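This report refers to the structure that appears directly beneath it.
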Amino acid sequence: MKPIITLLFLIVSSYGFAQQLVYTPVNPAFGGDPFNYTWLLNSANAQNSFDDDTGLAGFEGLTDLTSNLDGQFGNQFGQNNTPPLGTSTEGNFEYEVFESTAGLVINVLNIITGEASQIIIPN
Numbered sequence: 118m119k120p121i122i123t124l125l126f127l128i129v130s131s132y133g134f135a136q137q138l139v140y141t142p143v144n145p146a147f148g149g150d151p152f153n154y155t156w157l158l159n160s161a162n163a164q165n166s167f168d169d170d171t172g173l174a175g176f177e178g179l180t181d182l183t184s185n186l187d188g189q190f191g192n193q194f195g196q197n198n199t200p201p202l203g204t205s206t207e208g209n210f211e212y213e214v215f216e217s218t219a220g221l222v223i224n225v226l227n228i229i230t231g232e233a234s235q236i237i238i239p240n
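Here it is, written out as structure tokens:
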């Protein structure tokens, strides 16, 4: 009988020292402490291996496209600058022009790289 009482006493006393584990998120975006934001941002920036020294160097193709479109539409269509409906090819670009409820839609496809853009001119 004495071992049962000792065992019962140990079980009850161990329950008194136990505590419930509660998860608290670290990231403030998921309910964590807002003061962790700066630490998380600095930690992410320290681990970032990419350099942003290129600036807008990735947009050379866009300026080429703009000058190509200006030249094509200005030279071909004069003062009106309205492209014909349908599909046409100029240099490395293929243009698809059609009317929609949103306005005049110009889909531009770079044939070499496969990059595509859509230009919508509202009515």
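Quick note on the numbering used here: the sequence shown kicks off at 118 and runs consecutively.
The beta carbon of each residue, even a glycine, is placed where N, CA and C say it ideally should be.
Here the structure is a predicted model, which is why all the values come from computation and not from measurement.
Would a C-beta distance cut-off of 8 Å place residue i and residue j closer than the cut-off?
i      : j      : result
PHE210 : ILE228 : yes
ASN224 : GLU213 : yes
Below 8 Å on the Cβ atoms is my contact criterion, and I expect residue i with residue j to pass it. Report the Cβ-Cβ distance as a whole number of Å.
i      : j      : result
PRO142 : PRO151 : At roughly 12 Å, the Cβ-Cβ gap does not stay under 8 Å, so PRO142 and PRO151 are not in contact.
ILE238 : LEU226 : No, ILE238 and LEU226 are not in contact; Cβ-Cβ is about 18 Å, not under 8 Å.
At a cut-off of 7 Å, would you count residue i as near the ligand FMN, judging by its Cβ distance to the nearest heavy atom?
i      : result
GLY231 : No copy of the ligand FMN appears in this structure; indeed no ligand is present at all.
Please name the residue, chosen from the options, that lies closest to residue i on a Cα-to-Cα basis.
i      : options                   : result
THR218 : ASN240, GLU232 and ASN159 : ASN240
What are the complete beta strand (DSSP E) segments, minimum 3 residues, inside the region 198-237? Secondary structure in the region 198-237: the beta strand (DSSP E) runs of 3 residues or longer, each lying completely within the stretch, are 203-207, 210-217 and 220-227 in chain order.
Which full runs of the alpha helix (DSSP H) of 4+ residues lie inside the region 119-170, going along the chain? 119-134 and 153-164
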